[in-house]
Every structure is written in structure tokens, then in C-alpha cells.
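Let me begin by presenting the structure, written as C-alpha cells, before commenting on it.
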Amino acid sequence: MRVRTGLTGPFPRSETLVAATRDLDRGRTTPEAVEALYAAAEREILALEERLGLDTITAGYLRWADLFRPLAETWEGFTVGPLTRWFETNTFYRQPILHAPPVRVPGALAARLPAALRGDPARARVILPGPYTFAGLLDNRSGETESALVHRLGRLLGEEVRELRGVGFATFQFTDPWLVVRPPDGPRAEAVVAGYRAIQAALDGGTSIVWTYGADAIPALGVLDRLPVSAVGVDLADTDPERIPEGRDGPSLGLGVIDPRTTLGEDPMEVAHLVRALEKRRRPSSFWLGPGMPLDLLPYEPATRKVQLLRSAREALDGGGSA
Amino acid sequence: MTARGLFPAQEIGSLAKPRWQLLGQRGEPLDEQARGELRAADARLGFAGELAPARDALLDGRSREVGAETVRDLAALFFLRYLEAPGLHRVYDGEARRIEMYEYPIRQMHGFEFQGHVRSFDSKYYLKAAVTEEVRLERPYHVEEFEFVRTHARAEPKLPITGPYTLADWSYNEHYLARQRGWKGRTARRAAQREFVVDLARRAIRPTLAALIAAGCRVIQIDEPAAGTHPDEADLVVEGFNAATDGLDAEFTMHICFSNYRDLLPALLEAKRCRQWAWEFANRDSPEHDGYEVLRVLREYGDTREIGLGVLDVHRDAVETPERVAERIGRAAKYLGDPGRLWINPDCGLRTRTLEVARAKLEAMVQGAALARAAIESPRR
Chain A
77 MRVRTGLTGP FPRSETLVAA TRDLDRGRTT PEAVEALYAA AEREILALEE RLGLDTITAG
137 YLRWADLFRP LAETWEGFTV GPLTRWFETN TFYRQPILHA PPVRVPGALA ARLPAALRGD
197 PARARVILPG PYTFAGLLDN RSGETESALV HRLGRLLGEE VRELRGVGFA TFQFTDPWLV
257 VRPPDGPRAE AVVAGYRAIQ AALDGGTSIV WTYGADAIPA LGVLDRLPVS AVGVDLADTD
317 PERIPEGRDG PSLGLGVIDP RTTLGEDPME VAHLVRALEK RRRPSSFWLG PGMPLDLLPY
377 EPATRKVQLL RSAREALDGG GSA
Chain B
11 MTARGLFPAQ EIGSLAKPRW QLLGQRGEPL DEQARGELRA ADARLGFAGE LAPARDALLD
71 GRSREVGAET VRDLAALFFL RYLEAPGLHR VYDGEARRIE MYEYPIRQMH GFEFQGHVRS
131 FDSKYYLKAA VTEEVRLERP YHVEEFEFVR THARAEPKLP ITGPYTLADW SYNEHYLARQ
191 RGWKGRTARR AAQREFVVDL ARRAIRPTLA ALIAAGCRVI QIDEPAAGTH PDEADLVVEG
251 FNAATDGLDA EFTMHICFSN YRDLLPALLE AKRCRQWAWE FANRDSPEHD GYEVLRVLRE
311 YGDTREIGLG VLDVHRDAVE TPERVAERIG RAAKYLGDPG RLWINPDCGL RTRTLEVARA
371 KLEAMVQGAA LARAAIESPR R
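See the structure below:
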């Protein structure tokens with residue numbers, strides 16, 4: 077059984093970085109001083125990812141204000157709107173407002189990726205919004221229908237993938253919780269599949285992972301199973317693993333095995349047991365394990381503690397221990 | 011106290027702290043701006059009263075000598091007069107002694123460990139604790155704060171307190187979740203959250219409410235801003251509310267804001283001792299969208315409780331005109347079918363606005379209520 081591990085969203089900022097960014101807002105420190113702390117924090121997270129033996133690295137995406145901002149602030153057609161609750165959490169994003177069909181600006185997204193990832197793009201996990209979540213959560217004043225917009229965003233994301241593939245990035249995660257929170261059907265489902273097809277066409281042998289959370293994924297499996305991607309991730313904090321239906325020789329299965337809504341640690345033996353059970357029942361080609369919801373729902377210290385599970389669960393699986 | 015007719019007005023939450031309070035309680039001498047603001051406020055409201063020597067010491071640059079607690083007393087007096095001046099019937103102290111609504115209550119309890127800061131958005135963070143043992147109250151809180159208000163308020167005092175559901179939702183649930191067997195999925199998480207909410211309500215909030223009532227508190231607003239975060243947990247909000255108020259005799263209101271109220275109904279209606287729903291409406295009211303129309307739903311359910319009607323958008327500096335306020339009141343009264351059930355208030359605390367803007371809004375609110383009252387009492391023929 078092949079099991080790969082990696083972070084699936086932003087890592088929390090350290091208490092030092094929290095204090096520094098607050099000080100910056102209050103004019104008590106300089107952008108240069110905060111930048112130096114960001115760079116140091118990214119190195120620390122890369123070192124943590126190395127220690128945990130993760131297959132993909134992220135450097136924490138510490139500077140990203142929210143999932144959409146790197147695109148909403150660089151692609152043409154957007155302004156950034158009001159604070160809006162991020163699913164059922166006490167965190168918020170600024171809702172992008174789309175005034176006209178969006179236009180990608182070459183190079184702009186790449187410039188926003190954590191600098192620390194550019195040194196090892198082959199192992200980096202590029203995290204982007206999925207087209208369905210992006211289209212569903214923005215304020216669409218462009219006149220385009222939601223289905224057309226999903227497809228268009230898929231094509232634009234595909235262009236980003238093509239550009240990043242050109243400089244060596246190989247693994248792309250599309251965070252698409254809206255797929256399970258509001259499963260698409262009819263023309264919208266077709267638009268989602270078409271959007272991901274456009275992304276897949278640009279992958280050129282790379283890996284694409286769709287990551288979901290926020291609701292039970294079972295009702296959305298009809299569309300998730302149709303996505304032309306390398307792996308689909310579901311959050312086991314929201315999806316009962318025993319209800320995931322049987323399958324045969326499907327794509328990789330992503331499992332959110334860390335729940336950042338609690339500081340309580342997960343049991344690696346229990347996770348290993350779940351993975352083995354799903355291997356028998358679902359028969360995926362491999363597994364991707366990671367946090368379900370974004371890990372920055374936790375403060376830095378508990379996140380650092382809980383993420384150790386990714387190593388211990390893999391050790392439990394490698395060691396053949398039983399729960 | 012102003013005589014209460016139709017559409018009495020009330021405060022709903024915290025206000026921005028004046029610069030003289032912030033500097034003064036840090037023991038720093040007031041700068042020119044802060045001194046000017048303190049002088050102007052006292053000239054307008056005459057609030058210092060028995061604390062005039064403390065006011066004078068602050069103006070003389072002797073903040074350290076005054077001490078943080080006395081500065082807060084002075085600020086509480088300021089806010090009482092600030093809210094009473096426009097003619098509000100129910101007031102509090104602008105939450106002058108509070109800096110937030112989560113950390114302070116949690117620090118009055120055993121069983122929690124603070125974990126660090128979580129980013130809310132951009133570079134804004136909040137401190138979050140985990141419940142690691144059974145909740146136990148160290149001592150009832152807000153009581154001295156209320157006693158000061160009761161002693162000095164001229165209008166009817168109303169105390170706001172964070173509700174059990176919100177305290178639980180804003181904490182990590184370790185202790186109660188660990189007691190659940192097996193994989194900690196949705197079912198286990200919900201069962202653990204229920205235990206946590208009810209424990210908080212019974213062991214911490216209820217004894218605090220009882221102490222407040224014993225101190226003379228008659229009107230208590232239980233704040234549940236987290237209620238809208240997980241609409242499918244509205245029954246837990248209710249269970250917490252009912253457990254917290256069980257057997258207590260006071261006028262309880264529940265404040266929820268920035269939520270889709272339809273999603274919380276009808277579950278919320280089971281909050282038996284809640285006499286008033288204090289909700290936000292103005293924020294969502296525009297020419298394109300009727301923010302008050304949701305009141306029809308309450309009528310459809312036959313709910314006859316009072317409404318604390320949010321008529322001021324707390325996120326915009328633009329001051330509502332009295333006519334706009336009156337129109338909103340009239341519309342809400344029509345949806346409810348009973349104007350006598352309406353209290354008038356801002357959507358939420360006005361602390362995101364300057365004190366000047368907040369004051370202008372409150373004045374417009376009271377004037378708007380008077381217009382609406384006049385329209386009902388002397389309708390045009």
C-alpha cells in the first residue's frame with residue numbers, strides 16, 4: 077500500500093509572528109523586520125515537514141491572507157470585498173467580487189508562492205482554490221452563469237498549472253470544500269468535471285489532488301468519482317469512514333485524518349486501522365494523508381504537536397501494527 | 011428615566027474606548043487630544059460626579075496616581091451618561107471594563123488551558139483555550155461591574171454576558187471529546203459539544219447569573235454570536251440557554267447577530283425563558299433586500315416574544331436618518347403585527363465606530379423611534 081503525506085492548507089503563524097504582524101499593523105515594527113520573521117518561520121516549517129518525512133512540502137503559506145486572495149488580487153476582473161465566514165469556522169475571508177470575466181496575469185501567482193518552495197518545486201504542493209468553490213463563494217457580478225464561470229475558472233487554473241509545470245512544480249492541490257458542502261448536480265456538475273478536465277490537460281504528468289472538507293462527502297461521491305484528477309480527499313472528521321462505499325482500482329484516496337477543530341490528538345493506530353479498512357473496501361491506488369480542514373484553525377504549538385500524527389500513522393502502517 | 015411608551019430604546023453591546031481611558035488605565039499621561047476629548051465629554055455630559063478628583067488628576071497628567079481601576083470607573087460613568095443622554099431606556103457601561111467577551115469569562119473558570127492565537131482574518135487573531143478538565147467556576151463574574159452600574163445608572167441597567175454555546179464554540183473541546191469512544195467524527199463531536207455546552211451552562215453561567223440576580227440585576231442579555239456558525243447546532247444553543255437560566259427569575263434576552271435566522275428556526279423557539287430576541291437586521295437591509303422580512307417567520311411560528319430590533323448598521327459610518335429608522339420600525343411592526351413588542355437598538359455593539367459616529371447614530375435611533383411612535387399614535391388621515 078502506498079501512503080503519502082503532506083499538509084493540505086496554511087500552517088498557523090507562530091506566536092512570534094503573530095506578535096510581529098500585530099506590531100506591524102500598529103506601526104511598532106518595520107515590514108523588513110516582519111519579512112525576516114516570515115522567512116525564518118518558513119524555514120522552520122520546511123524543517124518540520126522534513127522531520128515528519130512528508131512527501132510534499134508547503135513552507136506553510138504563511139503570507140496568504142486567504143485561499144482566494146492570491147488570485148483575486150492578481151487576476152483582472154476582481155476586487156476584494158467584505159469579510160465573510162469561512163464555512164462553519166470562526167475565521168473569515170474577504171469575498172472576491174467579480175465584475176467581469178476574469179483574466180489571468182502570467183507570472184503573478186508564481187510570484188506569490190512561498191519563496192522557500194522555489195528551491196524544490198518538484199516536492200512542493202501548490203495549493204489553489206478549486207474552481208467550484210471559487211465560483212460558488214465569490215460575488216459574481218460578471219453576468220456569466222455559475223456553470224460557465226466554473227468552467228472558465230478551471231481553464232484559467234489550468235493555465236496557472238501549465239506555467240508552474242514549466243518551472244518544475246509537480247503537485248497541485250485544489251481546495252474545493254464547496255463540492256461536499258453544496259454538491260453540484262446537473263449542468264453545474266458537468267461544469268465542474270469540465271473545469272477539472274481543463275486542469276488535467278495542463279498537468280503534463282503532474283499530480284492533481286482535490287481536497288474537500290466541511291461536510292459529509294458521501295452525498296457528493298457521485299461527482300467526486302467523476303473528477304479527472306489524481307486523488308480526491310475527504311475529511312474523516314465529517315465523513316464517516318465506515319460509510320465510504322466499496323470501490324475497485326480507483327484513483328488515490330485522500331484522507332483528512334487530523335481534525336484542527338480540536339486540540340485532542342488523534343490515535344495513530346486508529347488511523348492505521350481506518351486506512352487498512354478503506355484499502356480493502358475502496359481499493360484506491362494509493363492514499364494521501366493530511367489534515368482535513370486547514371491546520372491554521374489551531375494555534376502554532378498544538379498544530380505542531382498534532383501534525384506529528386502524519387509520521388506516527390505512517391510508521392504504524394509500515395510496521396503493520398493493528399489497532 | 012424616560013417614560014417608556016412604544017419603541018423603547020436600548021443599548022446592545024460594547025463601545026469604542028475613549029483615548030483618555032486607554033492612556034489613563036495604562037498609567038500614561040494624557041496627550042493633548044485625550045485631554046481635549048475628556049474635557050469636551052465632561053462639559054457635555056457632566057459625568058465625573060464623585061470622580062471629579064480623578065478626572066482632574068488625569069487632566070493634570072497624573073494618570074499613574076489615579077490608577078487603572080478608577081480610570082475604568084470614570085469610563086463606566088462616562089458611558090452610562092453617554093447612553094442615557096440620547097434617551098435610551100436600558101443602558102450598560104459600554105463594557106468599559108471588558109476588552110473582549112471570551113477570554114475574561116474563561117479565566118474565571120477551572121478546566122481550561124489557553125493554547126495560543128488563531129488567525130481570524132488578515133493579521134487579526136484571537137486567543138483560544140481548550141477545555142481539558144470538567145468545567146468549574148472559580149467565582150461568579152461581572153458582579154462588581156454590575157453593582158457599579160446599578161449604583162450609578164439613571165436608566166434601567168441591562169447586563170450583557172457571553173452565553174455557554176459561544177464560549178464552547180470558541181474553545182477547543184478536548185475533555186468531553188476524549189470521553190467519546192471510537193473515531194471522533196461528526197456524531198462524537200456533537201455529543202461531546204452538547205456535554206460541554208450544558209456543563210458550561212450549569213456549572214459556570216447559571217451560578218454567575220444567580221449571583222447577578224442576587225445583586226439586583228433584572229435584565230440580562232445572553233450573547234450568542236456563535237449561534238449562526240453551525241446552524242444544525244441551534245438546539246445546543248437552546249439547551250445551553252435553558253440550562254443556564256433554569257429556575258432563575260429575571261428578564262432574559264438573547265442576542266445573536268450576523269446569522270441566517272431562518273436556519274436557526276424553529277429550534278431557537280424552545281429557549282423557554284428568553285423574553286426577547288435581540289437580532290441584527292439593518293446590516294442586511296437595502297433597497298434590494300428587505301432585512302426585516304424574516305420577522306414574518308416568527309409570526310408564522312406564532313412566537314410572541316419581544317424583538318430587540320437592530321436599526322443601525324454598526325459597520326458603516328453613514329448615519330441613518332431618523333426617517334430611515336422610523337421606516338424600519340414601521341416595517342418591522344407590520345411584519346410582527348404588534349408594535350408593542352418592539353425594542354429599538356443598534357444591530358450589535360457600536361465599538362467599530364468612533365464615539366462621535368456612534369453618538370450620532372444613537373441620537374438618530376431615538377429620534378426615529380419617536381417618529382415611528384408618533385406615526386402610530388397620531389396616524390395621518
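From first to last, the protein sequence lines stand for chains A and B.
Be aware that the first sequence starts at 77, since it is given in our numbering, and climbs by one per residue.
Be aware that the second sequence starts at 11, since it is given in our numbering, and climbs by one per residue.
Just so it is clear, CB atoms sit at the ideal spot from N, CA and C, and this is done for glycine as well.
On a predicted model such as this, the values are computed, not experimentally measured, just so you know.
Which residue's Cα is closest to the Cα of residue i: the options?
{"i": "Q31(B)", "options": "A53(B), Q43(B), G46(B) and A85(B)", "result": "A85(B)"}
{"i": "A379(A)", "options": "E391(A), G366(A) and R228(A)", "result": "G366(A)"}
{"i": "S306(A)", "options": "G326(A), P158(A), E235(A) and A116(A)", "result": "G326(A)"}
{"i": "A293(A)", "options": "D252(A), V268(A) and R324(A)", "result": "D252(A)"}
{"i": "L381(B)", "options": "R213(B), Y182(B) and T331(B)", "result": "T331(B)"}
{"i": "A62(B)", "options": "I223(B), T80(B) and K371(B)", "result": "T80(B)"}
{"i": "P170(B)", "options": "V153(B), A139(B) and D66(B)", "result": "V153(B)"}
{"i": "E290(B)", "options": "G320(B), L360(B), A254(B) and A237(B)", "result": "G320(B)"}
{"i": "A26(B)", "options": "Q377(B), V376(B) and R369(B)", "result": "R369(B)"}
{"i": "G120(B)", "options": "Y114(B), K282(B) and V145(B)", "result": "Reading the sequence as shown, one finds His at residue 120(B) and not Gly. Closest option to H120(B), Cα to Cα, is V145(B)."}
{"i": "V141(B)", "options": "I116(B), P297(B) and L246(B)", "result": "I116(B)"}
{"i": "A244(B)", "options": "F17(B), V207(B), A224(B) and C227(B)", "result": "V207(B)"}
{"i": "R294(B)", "options": "R326(B), Q286(B), E280(B) and I386(B)", "result": "R326(B)"}
{"i": "K138(B)", "options": "D242(B), Y114(B) and R49(B)", "result": "Y114(B)"}
{"i": "H349(A)", "options": "E91(A), A389(A) and D311(A)", "result": "A389(A)"}
{"i": "L240(A)", "options": "A200(A), A267(A) and R258(A)", "result": "A200(A)"}
{"i": "A186(A)", "options": "R358(A), E236(A) and P172(A)", "result": "E236(A)"}
Along the chain, where does the beta strand (DSSP E) containing residue i start, and where does it finish?
{"i": "W353(B)", "result": "L352 to P356"}
{"i": "L143(A)", "result": "Run containing L143(A): none; DSSP gives neither H nor E here."}
{"i": "Y175(B)", "result": "Premise fails: Y175(B) lies in the alpha helix (DSSP H), P174 to D179, not in any beta strand (DSSP E)."}
{"i": "V299(A)", "result": "Not the beta strand (DSSP E): V299(A) falls in the alpha helix (DSSP H), residues L297 to L300."}
{"i": "Q286(B)", "result": "C284 to W289"}
{"i": "W287(A)", "result": "T283 to W287"}
{"i": "Q171(A)", "result": "F168 to V179"}
{"i": "R80(A)", "result": "V79 to T81"}
{"i": "G103(A)", "result": "Segment: none, G103(A) is in no beta strand (DSSP E) and carries neither H nor E."}
{"i": "Q231(B)", "result": "V229 to D233"}
{"i": "S73(B)", "result": "No beta strand (DSSP E) holds S73(B); the alpha helix (DSSP H) holding it covers S73 to V76."}
{"i": "H265(B)", "result": "E261 to I266"}
{"i": "I317(B)", "result": "E316 to L322"}
Identify the contact partners of residue i in chain E, using a Cβ-Cβ distance below 7 Å as the criterion.
{"i": "A140(B)", "result": "Looking for chain E here will not work: the only protein chains present are A and B."}
Where do the ends of the alpha helix (DSSP H) carrying residue i lie?
{"i": "L346(B)", "result": "P332 to L346"}
{"i": "G250(B)", "result": "A244 to T255"}
{"i": "V208(B)", "result": "R196 to L210"}
{"i": "I386(B)", "result": "L365 to E387"}
{"i": "R161(A)", "result": "Segment E152 to R161 is the beta strand (DSSP E) holding R161(A); no alpha helix (DSSP H) there."}
**OP:** Identify each residue in the segment 310 to 321 of chain A for which the Cβ-Cβ distance to at least one residue of chain B is less than 8 Å, and report them in chain order.
**Re:** Residues L312, A313, D314, T315, D316 and P317.
Subject >> Interfacial residues, the segment 125 to 138 of chain B to chain A, with Cβ spacing under 7 Å >> reply: Against chain A - using a Cβ distance shorter than 7 Å - the residues of the segment 125 to 138 of chain B are Q125, G126, H127, V128, R129, S130, F131, D132, S133, Y135 and K138.
**OP:** Give the residues from the segment 240 to 252 of chain B that approach chain A closer than 7 Å (Cβ to any Cβ), ordered along the chain.
**Re:** Those would be H240, in chain order.
Original post:
Closer than 9 Å, Cβ to any Cβ of chain A: which residues of the segment 164 to 198 of chain B, in chain order?
Top reply: Cβ contacts with chain A come from D179, W180, Y182, N183, E184, H185, L187, A188, G192, W193, K194, G195, R196 and T197.
Original post:
Name the residues in the segment 86 to 115 of chain A whose C-beta lies less than 8 Å from a C-beta of chain B; which are they?
Top reply: Of all residues in the segment 86 to 115 of chain A, P88, R89, E91, V94, T97, R98, L100 and D101 have a Cβ within less than 8 Å of some Cβ in chain B.
Subject >> In chain order, each alpha helix (DSSP H) run of at least 4 residues that lies wholly inside the segment 93 to 165 of chain B >> reply: The segment 93 to 165 of chain B contains these whole alpha helix (DSSP H) runs: 113 to 117 and 153 to 162.
Original post:
Taking a cut of 8 Å between CB atoms, which residues from the segment 145 to 171 of chain A lie near chain B?
Top reply: When C-beta distances to chain B are compared with 8 Å, the residues of the segment 145 to 171 of chain A below that value are L159, R161, E164, T165, N166, T167, F168, Y169 and R170, in chain order.
**OP:** Taking only runs that begin and end inside the segment 186 to 268 of chain A, name each unbroken beta strand (DSSP E) of 3 or more residues, in chain order.
**Re:** Qualifying beta strand (DSSP E) stretches, in chain order: 201 to 205 and 247 to 251.
Original post:
On the three-pair Cβ rule with 8 Å, is the segment 47 to 59 of chain B touching the segment 321 to 337 of chain B?
Top reply: The segment 47 to 59 of chain B and the segment 321 to 337 of chain B do not touch, with fewer than 3 CB-CB distances between them shorter than 8 Å.
Subject >> Sufficient close CB pairs (3 or more, under 8 Å) joining the segment 159 to 176 of chain A to the segment 122 to 140 of chain B >> reply: Between the segment 159 to 176 of chain A and the segment 122 to 140 of chain B there are three or more inter-stretch CB-CB distances shorter than 8 Å, so the stretches are counted as touching.
**OP:** Scan the segment 344 to 377 of chain A for residues whose Cβ lies nearer than 8 Å to a Cβ of chain B and list them as they occur along the chain.
**Re:** Considering only beta carbons, the part of the segment 344 to 377 of chain A lying closer than 8 Å to chain B consists of E346, L350, D372, L373, L374, P375, Y376 and E377, in chain order.
Original post:
Do the segment 296 to 303 of chain B and the segment 266 to 283 of chain B meet, that is, are 3 or more Cβ pairs less than 8 Å apart?
Top reply: With a cut-off of 8 Å, the segment 266 to 283 of chain B and the segment 296 to 303 of chain B do not count as touching, because too few Cβ pairs lie within range.
**OP:** Note down, in chain order, all residues in the segment 204 to 226 of chain A with a beta-carbon under 7 Å from any beta-carbon belonging to chain B.
**Re:** Correct list: empty, as no residue qualifies.
Subject >> Interface residues of the segment 114 to 144 of chain A facing chain B [CB-CB below 9 Å] >> reply: Taking 9 Å as the cut-off between beta carbons, the residues of the segment 114 to 144 of chain A near chain B are A141 and D142, in sequence order.
Original post:
Does the pairing of the segment 204 to 223 of chain A with the segment 253 to 262 of chain A give three or more beta-carbon distances under 8 Å?
Top reply: Touching, yes.
Subject >> the segment 77 to 88 of chain A contacting the segment 109 to 119 of chain B, beta-carbon criterion three pairs below 8 Å >> reply: The segment 77 to 88 of chain A, when compared against the segment 109 to 119 of chain B, does not touch it at the 8 Å Cβ threshold.
**OP:** Closer than 7 Å, Cβ to Cβ, to anything on chain B: give me those residues from the segment 324 to 336 of chain A, in chain order.
**Re:** Listed by position along the chain: D335.
**OP:** May I ask you to verify whether the segment 252 to 265 of chain B touches the segment 231 to 239 of chain B, counting CB pairs closer than 8 Å and requiring at least 3?
**Re:** Contact between the segment 252 to 265 of chain B and the segment 231 to 239 of chain B is present, because at least three Cβ pairs lie under 8 Å.
Original post:
How do the segment 224 to 243 of chain A and the segment 269 to 278 of chain A stand: do at least 3 beta-carbon pairs fall below 8 Å, yes or no?
Top reply: Below 8 Å, enough C-beta pairs join the segment 224 to 243 of chain A and the segment 269 to 278 of chain A to call them touching: three or more.
Original post:
Three or more beta-carbon pairs under 8 Å between the segment 99 to 106 of chain B and the segment 199 to 206 of chain B, yes or no?
Top reply: Output reads no: the segment 199 to 206 of chain B does not touch the segment 99 to 106 of chain B.
Subject >> In chain order, each alpha helix (DSSP H) run of at least 4 residues that lies wholly inside the segment 374 to 399 of chain A >> reply: You should have 376 to 382 and 385 to 395.
Original post:
Taking the runs of the beta strand (DSSP E) that are 3 residues or longer, which of them lie wholly in the segment 340 to 380 of chain A?
Top reply: With a minimum length of 3 residues, the continuous beta strand (DSSP E) runs that stay inside the segment 340 to 380 of chain A are 363 to 367.
Subject >> Segments of 3+ residues assigned as beta strand (DSSP E) that fall wholly inside the segment 21 to 55 of chain B >> reply: Considered as a whole, the segment 21 to 55 of chain B harbours no complete run of any beta strand (DSSP E) with no fewer than 3 residues.
Subject >> the segment 133 to 143 of chain A contacting the segment 182 to 202 of chain A, beta-carbon criterion three pairs below 8 Å >> reply: At 8 Å Cβ cutoff, the stretches touch.
Original post:
Is it a yes or a no for the segment 209 to 220 of chain B touching the segment 328 to 345 of chain A, going by three-plus beta-carbon pairs under 8 Å?
Top reply: Because the criterion of three Cβ pairs below 8 Å is not met, the segment 209 to 220 of chain B and the segment 328 to 345 of chain A do not touch.
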